[in-house]
Amino acid sequence: MTVLRFYNTLTKSKDDFVPLNPTRVRLYCCGPTVYDYAHIGNARPVIVFDVLFRLLRQLYGEGQVTYVRNITDVDDKINARAARDYPDLPLNEAIRAVTKVTEAQYRADADALGCLRPTVEPRATEHIAEMIAIIERLIATGHAYAAEGHVLFDVPSMQEYGRLSRRSLDDMIAGARVDVAPYKKGEMDFVLWKPSSEQEPGWESPWGRGRPGWHIECSAMSWKHLGEVFDIHAGGIDLVFPHHENEIAQSRCAFGHDVMANVWMHNGFLQVEGEKMSKSLGNFVTINELLRTDVFGGRSWPGTVLRLAMLRTHYRQPIDWTVAALEEAENTLWAWAKLTHKLVPQPQLAPEVVAALGDDLNTHGAIMHLHAMKSDPQRLADNLAALGFEGLSAWVDEVEKTAVDVAWIEEQIAARLAARAAKNWAESDRIRDDLAGKGIALKDNKDGTTSWEVKR
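Read left to right, the sequence shown gives residues 1 to 456 (this note's numbering).
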C-alpha cells in the first residue's frame, strides 16, 4: 500500500500515517455553527478534507473509513440570530427555525462543491448526555470544578496544556480572549458548562439547568462516534488555539490517554483579493453568493470551478481568493470537460495522483498529473471523478445548448441600447432577461458599450 505522510501540527513534522486500526480509519473535522451562510473560508476545510476522505477510501476501502463532521446547533450566536430573525417566536422554536434552514443550506453548498457527505454528521444537541458524562469524569479526576452554576476546566491541572499550539502563557491568554469572572480559579480556565436563563436553551444537569461550552461539544461527538483516541483530527488553522487545544485537554484528561488524535491537520488562512476577508472591508463573500449571485466578479461560478480554484494551492499555505484565479481555474476545467465529454468515468485515482496526495495532500502536484493526462481522456475522466469533479459532461451539454448566432446577439444588444436611450427600461430589461435565459450574460461598460459572454 502507498505510504501516506501528513504534516502533523502536534509534532510539527511530516510523519508516516499508520492508522490505529487499518480496518477502521477514523477522521474528524470541525463543522459549521449553523447561524448564517458559510463563507468561502469555511469552504476550504470542507473541500480539502473531502479529498483526504476520498484518498483514504480508495486506499482502505469505502466501508472502512469513518468521517465525522459535526454540526454545532447550540451557541450564543445562534441564540442572537434567532432572537433577531424570529422575534415573535418562543426562543427554542426560533432557534430550530434558524438551525434547520442554515444546516440545509450548508449541506446544499457542500454538495455543489463536489463534496461527499461525511459518514456521520452529528448535531451537538443530540450529544448532551455525552458532554455531561465527560464533565463528570473531569470533575472526578480533579481537572474541572463547579462554581456558581458553571463548570470550568482547571487548566493548570494539565501539565502539557499548550502542546499543540506551542504558545507562551501570555500569548494563550491573549488568544483565548480570557473572560474575567470571580468564580474562576485561574484566568486561563475555560467553560465546560454554563447556566441558562428561562429565555435561553438549556438542559438539566448535575449543576443545574444549563448548556455546554463550545469546546466540550467536539470532545463528546468525536468520543461517541470515533472513540477515546482516533487517527486524524482536521480543521482550519484558526482553530488550533483555543478550540483544538481545549479539545485535547478535555479528552486526554477525561480518558487518560497521551493523545486525543494521532494526527492533527490544519488548512491555512484565506484572504480575498489580497486582503483579509471582513464585512467591514466589503469583501466578505459566502459560498452561496459565489454559486448563485454576481457579487464576486460580476457573475456566479460553478461549484466545480470553486473546488479546483481551492485545490490549486497546497492546503497548508495561505490562499488568495481572486477573480483571476477563478477564471484560470474555469478555463482549465473547461478544457478538461471538453476532452472528457460523453465519456463515462470510472472513479479511480491513478498511482501518480495517489502518490502526490499521499505526500501531505499535495493537490497542486495531483493537478499537474491531471494536465499530463490530456492524451488519455478516459484516464483523465476517471481521475477527475475520483477527485470530486462530477457533472462535467452536463456542463458542456448545457453550454452547447446555448450555441448562439453572434449576429443575432449583436442585434439584440443594439435594440437594448436603443431602448435604454429612449428610457424604455421595461424593454431593456426584457431583452437582457431573454438573453440571460439563453445563457448570454451582458455587461454594461463605463464607456457606454455592452459586452457579452456565454455563461458556462
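Glycine included, every Cβ here is placed at the ideal spot set by N, Cα and C.
Nearest in C-alpha terms to arginine 163, of all of Leu10, Leu392 and Ile367, is Leu10. As computed with DSSP, leucine 226 is found in no beta bridge at all. Non-local C-beta neighbours of arginine 416 in its own chain, meaning closer than 6 angstroms and more than five positions away in sequence, comprise Ser428 and Ile431, ordered along the chain.
For the set Thr141, Pro45 and Gly213, the Cα lying nearest the Cα of proline 242 is the one of Gly213. Here the alpha carbons of threonine 304 and alanine 325 stand approximately 13 angstroms from one another. Approximately 16 angstroms separates the beta-carbon atoms of arginine 54 and glycine 365; this is outside 8 angstroms, ruling out the contact.
By the neighbour-count criterion, in which 16 or more other beta carbons inside 10 Å mark a residue as buried, isoleucine 287 falls on the buried side. The alpha-carbon of valine 229 is positioned some 11 angstroms away from that of leucine 27. Within the segment 106-167, the runs of alpha helix (DSSP H) that reach at least 4 residues and sit entirely inside it are, in chain order, 128-140.
Counting only the Cα atoms, leucine 152 lies some 21 angstroms from arginine 167.
Rounded to the nearest whole angstrom, the CA to CA distance from asparagine 8 to leucine 361 is 12 angstroms. Separation of glycine 210 and aspartate 15 (C-alpha to C-alpha, rounded to the nearest whole angstrom) is 42 angstroms. Look at the segment 280-320 and you find these whole runs of alpha helix (DSSP H), each 4 residues long or longer: 287-292 and 303-311.
The beta carbons of alanine 97 and aspartate 85 sit closer together than 9 angstroms. Taking a C-beta distance under 9 angstroms as the contact criterion, isoleucine 237 and phenylalanine 269 qualify as a contact pair. With 16 or more other Cβ atoms from the protein chains shown falling within 10 Å of its own Cβ, isoleucine 132 counts as buried. In the DSSP assignment, glycine 210 is bridged to Pro195 and Trp203. Relative to isoleucine 319, the option among Asp359, Met277 and Met188 whose CA is nearest is Met277. By the C-beta criterion, the segment 349-356 is judged to be in contact with the segment 50-66, since at least 3 inter-stretch pairs fall below 8 angstroms. For valine 48, there is no enclosing beta strand (DSSP E); the residue is part of the alpha helix (DSSP H) that begins and ends at 40-60. In the DSSP assignment, leucine 27 is bridged to Tyr67 and Ile232.
Going by DSSP, phenylalanine 6 is part of no alpha helix (DSSP H) but of the beta strand (DSSP E) stretching over 5-8. By a beta-carbon distance limit of 8 angstroms, valine 65 does not contact proline 122. Their separation comes to about 17 angstroms.
The shortest CA-to-CA distance from phenylalanine 284 to any of Ser157, His39 and Ala129 is the one to His39. Taking a contact to require three or more Cβ pairs closer than 8 angstroms, the segment 141-156 and the segment 99-119 do not qualify as touching.
Shown here for glycine 208: same chain residues with a beta carbon closer than 8 angstroms to its own, the five before and five after excluded, namely Gly149 and Pro195 in chain order. Following the DSSP letters along the chain, one finds aspartate 15 inside the beta strand (DSSP E) bounded by residues 13-16.
Burial state of valine 272 is buried, judged by a 10 Å Cβ sphere holding 16 or more other Cβ atoms. Under the three-state reduction of DSSP output, glutamine 348 falls in the coil class, being neither helix nor strand. Within the same chain, Cβ atoms closer than 6 angstroms to the Cβ of valine 354 are found at Thr2, the five residues on either side in sequence being excluded. Assigned with DSSP and collapsed to three states, valine 101 falls in helix.
If you check the CB distance, proline 32 and asparagine 267 do not come in under 9 angstroms. Judged by beta-carbon spacing, glutamate 245 lies within the 9 angstroms limit of serine 165, meaning their Cβ atoms are closer than that value. Residue Glu126 holds the alpha-carbon nearest to the alpha-carbon of glycine 202 among Glu330, Arg24, Glu126 and Thr23.
For the pair alanine 129 and aspartate 73, the CB atoms are not nearer than the 9 angstroms cut-off. For phenylalanine 269, the secondary structure class from DSSP, reduced to helix, strand or coil, is coil.
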